[in-house]
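Down below is the structure, laid out as structure tokens.
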Amino acid sequence: MTNKVVNPCSEPNTSSSRFYTSIKSNKTSKTVKVLLTGAAGAVGISIAQHLAEQVNLFSYTHEQLDITHADSVFTVIDKLKPDIIINAAGYTAVDNAQVDEAQARLVNCNGAKNLALAAERIDAILIHLSTDYVFSGESDSAYTEQDLPHPINVYGHSKLAGELAIQQHCAKHIIIRTAWVFAEHGHNFVKTIVELIKTHPVLTIVDDQIGGPTYAGDIAKVIGTVVDRITHTDFSADNYGVYHYCGMPYVSWKGFADSIILAAKQAELIAVSPKVNGTVSENYPRPAKRPKNSRLDCGKIQQIFNVSLSDWQTALTFVVGSNNKDLEPK
Ligand SMILES: NC(=O)c1ccc[n+]([C@@H]2O[C@H](COP(=O)([O-])OP(=O)(O)OC[C@H]3O[C@@H](n4cnc5c(N)ncnc54)[C@H](OP(=O)(O)O)[C@@H]3O)[C@@H](O)[C@H]2O)c1
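Each residue of the sequence shown is one higher than the one before, counting from 1 in UniProt numbering.
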């Protein structure tokens with residue numbers, strides 16, 4: 001009988017069962033060495049801000065460490081020997097990925113695989129971010145970690161391939177699937193809407209895609225908790241694996257836009273609220289199909305790590321009203 005060697009970066013499959021050994025650590029926070037990749041991205045900035053006080057943090061932007069360069073990844077990680085690697089790097093241009101599949105796969109799969117191999121070699125833990133877009137969105141209920149992924153666009157395929165590469169090559173991994181990220185920095189839906197309402201009295205926004213908008217600061221906080229639990233408690237090796245984490249309550253893009261407009265009005269960024277019409281996705285075709293149901297069931301991460309879920313309404317008020325220069329009327 002021959003063993004088939006699967007390369008997820010070129011050949012996606014969905015098997016993920018592994019056996020892990022347990023770890024225990026008594027390190028104090030500041031002696032825990034953490035390497036962060038993608039440190040200048042939307043989530044990366046929030047993680048860097050949040051973890052700087054908590055751990056001994058080594059942040060690398062894209063410019064400083066390209067995760068697709070295997071040699072650089074091995075050199076940096078072998079030299080630094082971090083206890084934990086957090087991968088916030090990714091190819092995130094969902095529509096561009098449709099015509100740039102090789103690059104999306106290179107970053108989201110091969111890059112993730114390089115980090116997984118390097119982590120495994122020094123027995124480090126890899127914390128990685130993934131997405132609701134690994135699912136088709138056809139389910140009637142919120143997706144749990146047990147649900148079978150079935151991406152419907154290139155980005156989703158490349159992210160799923162990255163998850164599989166990590167599961168295959170790094171025993172101690174935590175993969176956090178999140179969704180609809182917004183922050184006070186970077187490009188995101190909140191900023192787009194705030195820009196649009198300055199000049200458009202009427203907006204039309206899809207109302208048949210439902211998900212959980214997630215504040216990047218809350219993702220960073222949860223990662224901080226995960227780091228803390230793994231390094232300071234008797235963390236069972238059974239708890240490595242995939243987790244879902246997103247904002248609550250679930251809402252449509254139109255519902256989210258309504259809340260953004262309300263927050264902008266309250267923050268006095270606009271004088272008059274525009275009218276918002278709902279529409280179906282079919283009326284707003286984009287290169288990459290989006291899942292209609294992006295709801296992630298976050299019960300597992302709540303139970304295992306005892307975290308509270310991201311309250312996007314509170315975060316939105318903060319982001320829109322935070323005197324962010326980017327958001328002020330010009
Ligand atoms: N944004 C969302 O709504 C969302 C939803 C679900 C999951 N996620 C996941 O969350 C993670 C972070 O996303 P984000 O929202 O922070 O995206 P982002 O703002 O686009 O940040 C991604 C970062 O990765 C960097 N990067 C790209 N290619 C790289 C490479 N080869 N080596 C090293 N760095 C590289 C980018 O640098 P450059 O800009 O210089 O290329 C950027 O700084 C990703 O894994 C993403 O899939 C995001």
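C-beta atoms are modelled at their ideal positions from N, C-alpha and C, and glycine is treated no differently. These numbers were taken from a predicted model, which means no experiment stands behind them.
Opening and closing residue of the alpha helix (DSSP H) in which residue 360 lies: Residue 360 is absent from the structure shown; the chain starts at 1 and stops at 330.
Whole angstroms is fine: what's the gap from Val190's alpha carbon to Gln302's? For the purposes of this step, residue 190 is identified with residue 190 of the sequence shown, where counting begins at 1. For the purposes of this step, residue 302 is identified with residue 302 of the sequence shown, where counting begins at 1. Each residue's Cα considered, the two are about 26 Å apart.
Return the Cβ separation of Ile67 and Val107 in integer angstroms, given the expectation that the two are a contact with Cβ distance under 8 Å. Here residue 67 refers to the residue found at position 67 when the sequence shown is read from its first residue. Here residue 107 refers to the residue found at position 107 when the sequence shown is read from its first residue. The Cβ separation is near 7 Å, so the contact holds.
Comparing C-alpha positions only, which one of Leu51, Phe182, Ile84 sits nearest to Ala119? Here residue 119 is taken as the residue at index 119 of the sequence shown, counted from 1. Ranking Leu51, Phe182, Ile84 by Cα distance to Ala119 puts Ile84 first.
Which residue wins for smallest C-alpha separation from Arg105, given the options Ser141, His62, Asn153? Here residue 105 refers to the residue found at position 105 when the sequence shown is read from its first residue. Comparing Cα positions, the closest option is Asn153.
Take Ile270 as the anchor and find which of Pro201, Gln64, Thr31, Ala39 has the nearest alpha-carbon. What you label residue 270 is simply residue 270 of the sequence shown in a count that begins at 1. Of the candidates Pro201, Gln64, Thr31, Ala39, the one whose C-alpha sits nearest the C-alpha of Ile270 is Pro201.
Sufficient close CB pairs (3 or more, under 8 Å) joining the stretch 52-64 to the stretch 28-44: yes
DSSP three-state call for Gly241: helix, strand or coil? Here residue 241 is taken as the residue at index 241 of the sequence shown, counted from 1. In the structure shown, Gly241 sits in a strand (DSSP, three-state: E or B).
Going by other Cβ atoms of all chains shown within 10 Å of its Cβ, with 16 needed for buried, is Pro149 buried or exposed? For the purposes of this step, residue 149 is taken as the residue at position 149 of the sequence shown. That one is buried.
Using only the heavy atoms of ligand 1, determine whether one of them is closer than 8 Å to the beta carbon of Ile67. Residue 67 sits at position 67 when you count from the first residue of the sequence shown. Yes; taking the cut-off as 8 Å, the Cβ of Ile67 has a heavy atom of ligand 1 nearer than that.
Run of the alpha helix (DSSP H) containing Thr317, from where it starts to where it stops: The residue labelled residue 317 in the question sits at position 317 within the sequence shown. Taken as a continuous stretch (DSSP letters only), the alpha helix (DSSP H) holding Thr317 covers 312-320.
Output needed for Ser72: all residues of its chain with C-beta closer than 8 Å, excluding positions within five of it in sequence on either side, in chain order. Residue mapping note: residue 72 aligns to position 72 of the sequence shown, counting from 1. Same-chain partners within the cutoff: Leu65, Asp66.
Sorted by chain position, which residues of the same chain lie with C-beta nearer than 8 Å to His169's C-beta, five sequence neighbours on each side aside? Here residue 169 refers to the residue found at position 169 of the sequence shown. Taken in chain order, the residues that qualify are Lys113, Ala116, Leu117, Glu120.
Should Val134 be labelled buried (16 or more other beta-carbon atoms within 10 Å of its own) or exposed? As a working mapping, residue 134 is identified with position 134 in the sequence shown. Buried, by the Cβ-count rule.
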